[in-house]
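A.B. asks:
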Amino acid sequence: MKAIGPKLVIATHNAGKLAEIQELLQPFEIECVGAAELGLPEPEEIGNNFIDNAELKAREAADLSGLPALADDSGISVDALHGLPGIFSARWAEDEDGNRDFGRAMERVWREVEAAGEEAGHDAHFVCALSVAWPDNGQAESFEGRVYGTLVWPPRGDRGFGYDPMFVPTGHERTFAEFDPVEKHAISHRADAFKKLIAALG
116 MKAIGPKLVI ATHNAGKLAE IQELLQPFEI ECVGAAELGL PEPEEIGNNF
166 IDNAELKARE AADLSGLPAL ADDSGISVDA LHGLPGIFSA RWAEDEDGNR
216 DFGRAMERVW REVEAAGEEA GHDAHFVCAL SVAWPDNGQA ESFEGRVYGT
266 LVWPPRGDRG FGYDPMFVPT GHERTFAEFD PVEKHAISHR ADAFKKLIAA
316 LG
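Residue numbers are given in the working numbering: position 89 of the sequence shown equals residue 204, and the series is strictly consecutive.
#1: Where V193 and H240 are concerned, what is the direct C-alpha to C-alpha distance, given to the nearest angstrom?
#2: Leaving aside the five residues before and after S257 along the sequence, list all residues of the same chain whose C-beta is less than 7 Å from its C-beta, in chain order.
#3: Does the distance from the CB of G231 to the CB of L196 come in under 8 Å?
#4: Would you say the segment 262 to 274 touches the segment 283 to 302, given that touching needs at least three Cβ pairs under 8 Å?
#5: Per the contact definition of three or more C-beta pairs closer than 8 Å, is the segment 175 to 184 in contact with the segment 132 to 143?
#6: Comparing alpha-carbon positions, which option in E152, N129 and G190 lies nearest G201?
#7: Going by beta-carbon coordinates alone, are E259 and V242 separated by less than 8 Å?
#8: From the DSSP output, read off the bridge partner residues of K122.
#9: Give the single residue among R305, D251 and G277 whose Cα lies nearest to the Cα of R261.
#10: Inspect the beta-carbon positions of I145 and I119 and report whether they are closer than 8 Å.
#11: To the nearest whole angstrom, what separates the beta carbons of E157 and H128, a pair I think is in contact under 8 Å?
#12: Just the C-alpha distance for E209 and E160, rounded to the nearest angstrom, thanks.
#13: Quick check on the DSSP output: what are the complete beta strand (DSSP E) runs of length 3 or more inside the segment 163 to 228, in order along the chain?
#14: From the DSSP output, read off the bridge partner residues of R386.
#15: Skipping 5 residues on each side, what residues in its chain have a beta carbon closer than 6 Å to that of G162?
#16: Could you tell me whether the Cβ atoms of I302 and P284 are closer together than 8 Å?
#17: Considering only residues of the same chain and omitting the five flanking positions on each side of F143, which have a CB-CB separation below 7 Å?
#18: Could you spell out where the alpha helix (DSSP H) holding F309 opens and where it closes?
Structure representation (structure tokens):
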């Protein structure tokens, strides 16, 4: 894989996500700077899948900054809903004004799962796509991580974010929102994708 250091743009305006990525890349002595710090806009996510959207965000950040850029796109896919909300996971939480309420989004997911019938089951998985793009030739490399589990109702736990309170990973009895953050990071979809990225970095 082409070198991505010594400075890398993290194509996110989420301070928590930026800090998490900085920590994961710390052993490689790569200086990370967030898109918000550089005044970069948040592009419209018009891709057909997680990797499309991650590459779109990474390429735009690389082009505008002149630096290599890393972006991720993630969400939850529910078997009974034929993969939805998928790439629309965040949008399912938005109201008419663009404000996000994941409590409402989880209620919608559960309502539609119940409507699909008992035979459809409650299986689901989280997906995280990571893409690195370079400014000189538009090249991008992508890595996808997943974690499988089951949906539960009502939601449990006050840690994590998004759909974590209704997702129990396979082999566990607690939801992601009941996990200690360090414990969750060890098995999450983002951790899976980062393992593949770090392996490519050598």
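Using N, Cα and C, we set each Cβ at its ideal position, and we do this for glycine too.
C.D. replies: Taking the coordinates as given:
#1: 7 Å
#2: I166, A169, E170, A244, L245 and S246
#3: As written in the sequence, residue 231 is Ala, which differs from the Gly given in the question. A contact, by the Cβ cut-off of 8 Å.
#4: yes
#5: no
#6: G190
#7: yes
#8: E146
#9: R305
#10: yes
#11: 6 Å
#12: 14 Å
#13: 184 to 193
#14: Given that the chain is displayed from residue 116 to residue 317, the structure contains no residue 386 and the question cannot be resolved.
#15: N168 and L171
#16: yes
#17: G120 and L316
#18: H304 to L316
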